[in-house]
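Throughout the sequence shown, residue numbering follows the UniProt record's numbering, covering 1 to 570 in sequence. For every residue, glycine included, the Cβ atom is placed at its ideal position computed from N, Cα and C. Keep in mind it's a predicted model, so treat the numbers as computed, not measured. Taking it in order: structure first as structure tokens, then the write-up.
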Amino acid sequence: MNAMKTAKELQASPIVGETHQVQNVANELHSYNLFTTDAALLEGVKREGGAWGVSEIAAFGEKCGKPEYLELGFLANKYTPELDTHDRFGNRVDSVRYHGAYHELMKSALEEGLHSQPWTHPREGAHVVRGAKAFMQSQVEAGHGCPVTMTFASIPSFRLQPEVAAIFESKILNRGYDPRNVPIDEKQSITVGMGMTEKQGGSDVRANSTMATPVNQPGAGQMYSLVGHKWFLSAPMCDVFLILAQTTAGVSCFAVPRWLPDGTKNALNVIRLKDKMGNKSNASSEVEFRGAQGWLIGDEGRGVPTIIEMVSLTRFDCMGASAGLMRAGLANAIHHCKQRAAFGAKLIDQPLMQNVLADLQLEYEGAMAFSMRMARALDKKDSDEHEAHLARLATAVGKYWICKRAPQHSYEIMECIGGSGVMENSIYPRLFRESVINPIWEGSGNVQCLDVLRAIGKTPAVLMAFNAELNKARGGNSILDRYLDGLNQQFMQLNPTDMHDLQYSARTMVDQMALAFEASLLVRHAPAAVSEAFCASRLAAQGHHNYGALPKGVNVKSIIERADPGVVKA
């Protein structure tokens, strides 16, 4: 008889066979609407003036949750940009090559108007609606958001010089995407980058050494020649860049195109792409200007005020993107915990995990409320002095706080998943790497806190506006009331002549301002379960706590349900 056993017989043997069944594991989160399943975002949009755009946002939210769309984010980060300084014949081209997934994301973002909507269709809530859509897009993939937000934020700076704006604005605002490295005259749509930082100065742009001299006549709107370098230029495949350079009058702002009006390549040479730990899909570069030409925007020596509006808007997007990382991680974590069981129960039903998840949602609730309130301030700042003052101060506070909170939030999400949370074939490592970028880009934490001091010192009315906004929540929560009393005492004791003490304690003050602002918004607008838990855990507790240390009595199930991506809220 044949003594050999078949493979089927071996598998059926108690000794040799399958080692395990795939069970008690989660699956990928997809096929959900990023807007209608997010109570904090949905409520924020309606509250802050964007109710007219709910159906528009919901349609985009459905697209963002489709599996094939989410996959674009993975592909754009797996196949990262590559630089070709020259073509095969030796011609200088400075071309960046991307995976098709990156181009698909850019095309989608620009067609959706994430770079243009408030400028082409200005109305109440325009920044709110655009911000909500950009926020959801950041959950799919954050890197391509860099050129999108710079393109969006460039318009106020260009409009300071109408004759230069006339060259570029219509193509900047066009809802199309053309990635070709060709002269602007051959394109219907273009994107905008920015270059401020040099190696010797960093955030101190007044230490920049790049020099600009007039080609013919000096003055606003005239052409200058730039010689120097930038340690960071994002993103080098854009068609035109707002660049800071020195003139005899000081730091000035220039619009420097990749191609000159006569169709020749500008002398903006890309030296290399930066090897960043995060934001992998987006190309950041080091460049040299070897007589690159560009138009002066505004007066000589007024470069920082000229570009500051752009920086303010990109800081707003940093806030929203960091909140987006929180939301993406939390949605995935809840999806996982609803399927995974340990020690005899689903993770979602275990008290300590409920504490952690609810606490993470509270962090997101505060960040989302802050971001949406700033979007409304942007919508009204040109017609309402209170909103203008609020936007000036609170944007710096929010950019500092929300971006600073995102890395710990992203890490805690990974711990909710366990060992699988650090695997590179999941979304979690990418969320964590992205989370450390926004706190540094567009001004690090110290820069933001010093900007808060600068704003208060230069325009005391901004602090009055901020305080007035906080006081709208008076009487809604006794813990918050006491917290505001203490904060007001600190404001009254500010001594503008003692800059050493002010700067030394700036982070402490801005921390408290941010928490008070979030708590005020939640007390006024969020369900009691959210606002009471936020105040009890953030304002009443002594010192900082790790996530998952909520006090007893918190309605954690209600808070988690608001975050559950499997539950439609509208």
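Three-state secondary structure (DSSP) of residue i
i: His86; result: strand
i: Glu518; result: helix
i: Arg47; result: helix
i: Glu18; result: coil
i: Lys399; result: helix
i: Met1; result: Since pLDDT at Met1 reaches only 47, below the 50 mark, its modelled position is unreliable, and the value read off the structure follows with that caveat. Reduced to three states, the DSSP call for Met1 is coil.
i: His115; result: coil
i: Arg507; result: helix
i: Pro67; result: helix
i: Lys171; result: helix
i: Lys404; result: helix
i: Lys133; result: helix
i: Met423; result: coil
i: Phe35; result: coil
i: Met277; result: coil
i: Asn77; result: helix
i: Val164; result: helix
i: Leu550; result: coil
i: Asp178; result: coil
i: Val568; result: coil
i: Pro439; result: coil
Test: residue i CB closer than 8 Å to a CB of chain B
i: Val96; result: Protein chains in the displayed structure number just one, and chain B is not present.
Residues bridged to residue i (per DSSP)
i: Gln246; result: Met211, Val251
i: Tyr224; result: Pro214, Gly294
i: Glu286; result: Arg272
i: Leu342; result: Reading the sequence as shown, one finds Ala at residue 342 and not Leu. DSSP, once it has assigned bridges, lists Ala345 as partnering Ala342.
i: Met372; result: Answer is none; Met372 lacks a bridge partner.
i: Met194; result: Ser234, Leu242
i: Ser95; result: Asp84
i: His229; result: Glu288
i: residue 600; result: The first residue shown for the chain is 1 and the last is 570, placing residue 600 beyond what the model contains.
i: Lys381; result: Lys381 pairs with nothing; no bridge assigned.
i: Lys265; result: Trp259
Beta-carbon gap between residue i and residue j smaller than 8 Å
i: Leu242; j: Ser138; result: no
i: Phe35; j: Leu42; result: yes
i: Ala255; j: Val240; result: yes
i: Phe152; j: Ser189; result: no
i: Ala391; j: Ala377; result: yes
i: Leu347; j: Cys337; result: yes
i: Gly398; j: Met464; result: no
i: Leu502; j: Leu494; result: yes
i: Ala76; j: Leu105; result: yes
i: Glu209; j: Gly195; result: Checking the sequence, you will find Ser at residue 209 rather than Glu. Contact flag unset, no.
i: Leu325; j: Ala406; result: yes
i: Asn438; j: Ala321; result: yes
i: Glu469; j: Ser420; result: no
i: His335; j: Gly476; result: no
i: Asn27; j: Cys146; result: no
i: Val270; j: Ser285; result: yes
Spatially closest choice to residue i from the options, by CA coordinates
i: Asp564; options: Glu18, Gln23, Ala394, Asn33; result: Asn33
i: Leu550; options: Lys569, Phe432, Ala529; result: Ala529
i: Gly329; options: His409, Asp275, Ala377, Lys280; result: His409
i: Thr213; options: Leu226, Ala207, Thr197; result: Leu226
i: Tyr98; options: Met237, Phe60, Thr85; result: Met237
i: Pro496; options: Gly44, Leu450, Leu173; result: Leu450
i: Arg454; options: Ile427, Ala394, Ser426, Leu431; result: Ala394
i: Arg130; options: Arg430, Ala375, Glu518; result: Ala375
i: Asp359; options: Ile307, Arg562, Gly418, Glu62; result: Arg562
i: Tyr411; options: Arg340, Asn546, Asn355, Glu309; result: Asn546
i: Val128; options: Gly457, Gly113, Gln354; result: Gly113
i: Asp349; options: Ala134, Pro183, Lys557; result: Lys557
i: Ser170; options: Asp262, Lys187, Pro179, Ser520; result: Lys187
i: residue 580; options: Gly44, Lys133, Asp87, Gly90; result: Absent from the model: residue 580. The displayed extent of the chain is 1 to 570, so no value can be given.
i: Thr149; options: Ala506, Pro305, Ser312; result: Ser312
Limits of the unbroken alpha helix (DSSP H) element including residue i
i: Pro496; result: From DSSP, Pro496 is part of no alpha helix (DSSP H); its letter is neither H nor E.
i: Cys318; result: 303–337
i: Gln188; result: First-last for Gln188: undefined, no H or E at that position.
i: Phe466; result: 461–471
i: Lys557; result: 556–563
i: Arg430; result: 428–435
i: Cys449; result: 445–458
i: Glu532; result: 528–534
i: Gly143; result: Gly143 -> no alpha helix (DSSP H), and no H or E assigned at all.
i: Ser203; result: Neither: Ser203 is in no alpha helix (DSSP H) and is coded neither H nor E.
i: Ile155; result: 155–158
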